[in-house]
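So the sequence shown is residues 430 to 711, counted in my numbering.
Even for Gly, the Cβ is constructed at its ideal location relative to N, Cα and C.
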Amino acid sequence: MNHQTFRSRQKSIEINGIIDESLTVAYTDVGKGDPVLLLHGIPTWSYLFHEIIEPLSERYRVIAPDLIGYGYSDRRDRFDRSIAVQADVIERFLAELEIESAHFVAHDIGGGVALILADRVPKLVRSMVLSNSVAYDSWPVDEMLTLGHPRNAKMKPEEMKELLEKAFEFGLSRPERLTDEFREGVMAPYLDPEGIVSLVRNASSLNTNHTTPLTDRLSRMSQPTRLLWGVDDRWQPVSTAERLIRGMPHAELHPIKNCSHWVPQDAPEDFTALTLDLLNQF
Numbered sequence: 430m431n432h433q434t435f436r437s438r439q440k441s442i443e444i445n446g447i448i449d450e451s452l453t454v455a456y457t458d459v460g461k462g463d464p465v466l467l468l469h470g471i472p473t474w475s476y477l478f479h480e481i482i483e484p485l486s487e488r489y490r491v492i493a494p495d496l497i498g499y500g501y502s503d504r505r506d507r508f509d510r511s512i513a514v515q516a517d518v519i520e521r522f523l524a525e526l527e528i529e530s531a532h533f534v535a536h537d538i539g540g541g542v543a544l545i546l547a548d549r550v551p552k553l554v555r556s557m558v559l560s561n562s563v564a565y566d567s568w569p570v571d572e573m574l575t576l577g578h579p580r581n582a583k584m585k586p587e588e589m590k591e592l593l594e595k596a597f598e599f600g601l602s603r604p605e606r607l608t609d610e611f612r613e614g615v616m617a618p619y620l621d622p623e624g625i626v627s628l629v630r631n632a633s634s635l636n637t638n639h640t641t642p643l644t645d646r647l648s649r650m651s652q653p654t655r656l657l658w659g660v661d662d663r664w665q666p667v668s669t670a671e672r673l674i675r676g677m678p679h680a681e682l683h684p685i686k687n688c689s690h691w692v693p694q695d696a697p698e699d700f701t702a703l704t705l706d707l708l709n710q711f
């Protein structure tokens, strides 16, 4: 699915209580059944799951929001984009949709959001699929930390495009998966002045202080958790997943070979099958 079609079916909702004005969240909501929430990471948006949504929606209600500051959610330059605040927004977002419990499928910083909520509101998170997720102090992505420098808010669109193209090429093991459709779609929100500033602010919000406090509480998380990890990832290495399964009594690891960071794009069939295998147990 191209990004224009994907974007055309997104809905929007206003979330209050985070800042002094409402925040707009753009999201996809398709299918029926138990709710499955998809959470993307940086520097993507919910389009990361464009090949995952349809097969999941044949059995479940699939909800895929753009985190604030990302994609086509609110991108104004006046709010905190940290994963702690993202967790606040997602909690209120689900309350607005009158969803009391959902299965969480989360990638990268979206995994950090899922872990915060699994700890804070256990009943809200029925199960978790975490894919190459941030955890502990696993924030070694120099490119994203460098991007967060305030001077980069003045980057030109062609400069941002070059940076993002290198990141997506680096984060895929299978060259044929770096399709024109994916490359154009995943970068689309970040190639105008507002999108550039927003992505720089998103990068500047990356903070290990929002994941390290969970270290001693992971063992108390009771949610069945499946780790779908691209083993070639040099940003979020599989050693992080191996540490998580030692720290989380209900977690299991499914390493995916010939796959790097962007697992839903690099290995969509494996990602879908292994996610459905977990969900179908409920």
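**Q.** C-alpha gap between Met584 and Ala632, whole angstroms
**A.** Here residue 584 is taken as the residue at index 155 of the sequence shown, counted from 1. Here residue 632 is taken as the residue at index 203 of the sequence shown, counted from 1. C-alpha separation (whole angstroms): 14 Å.
Q) Counting pairs of beta carbons, one from the region 567-578 and one from the region 654-661, are three or more of them closer than 8 Å? A) no
Q: Measure the beta-carbon distance from Glu520 to Leu553 and round it to whole angstroms, keeping in mind my assumption that it falls under 8 Å.
A: By 1-based counting over the sequence shown, the position of residue 520 is 91. By 1-based counting over the sequence shown, the position of residue 553 is 124. Confirmed, about 7 Å.
Q | Exposure of Arg630, with buried meaning 16 or more beta-carbon neighbours within 10 Å | A | Within the sequence shown, the letter at position 201 stands for residue 630. The residue is buried, with at least 16 neighbouring Cβ atoms inside 10 Å.
Q) Where does Ala543 land, buried or exposed, given buried means 16+ other C-beta within 10 angstroms? A) Here the question's residue 543 lines up with position 114 in the sequence shown. Looking at its Cβ environment, which holds 16 or more other Cβ atoms inside 10 Å, Ala543 is buried.
(Q) Quick test of your reading: His639 and Gly541, contact by CB under 8 Å. State the CB separation rounded to the nearest angstrom. (A) Translated into positions along the sequence shown, residue 639 becomes position 210. Translated into positions along the sequence shown, residue 541 becomes position 112. Indeed they touch by this definition, with Cβ atoms about 7 Å apart.
Q.
Assess contact between the region 599-614 and the region 507-523, defined as three or more Cβ pairs (one per stretch) separated by less than 8 Å. Is contact present?
A. no
Q. In chain order, what residues of the same chain have a beta carbon less than 6 Å from the beta carbon of Ser560, not counting five sequence neighbours either side?
A. The count along the sequence shown starts at 1 and reaches residue 560 at position 131. Cβ contact annotation for Ser560 (same chain, cutoff 6 Å, sequence separation greater than five): His536, Leu657, Val692, in chain order.
Q. How many angstroms separate the CA atom of Ala455 from the CA atom of Arg646?
A. For the purposes of this step, residue 455 is taken as residue 26 along the sequence shown, with counting starting at 1. For the purposes of this step, residue 646 is taken as residue 217 along the sequence shown, with counting starting at 1. Cα to Cα, the separation comes out at about 31 Å.
(Q) When you compare the CB positions of Gly470 and Ser627, do they come within less than 9 Å of one another, or not? (A) Mapped onto the sequence shown, residue 470 falls at position 41. Mapped onto the sequence shown, residue 627 falls at position 198. Contact: no.
Q: For the alpha helix (DSSP H) containing Glu588, list its first residue and its last residue.
A: Taking the sequence shown and counting its residues from 1, one reaches residue 588 at position 159. It spans 586-599 - the alpha helix (DSSP H) in which Glu588 sits, taken as one unbroken run.
Q: Could you spell out the range, first to last residue, of the alpha helix (DSSP H) harbouring Thr453?
A: Mapped onto the sequence shown, residue 453 falls at position 24. Premise fails: Thr453 lies in the beta strand (DSSP E), 452-459, not in any alpha helix (DSSP H).
Q | Delimiting residues of the beta strand (DSSP E) encompassing Met557 | A | For the purposes of this step, residue 557 is taken as the residue at position 128 of the sequence shown. Looking at the DSSP string, the run of the beta strand (DSSP E) that includes Met557 is 554-560.
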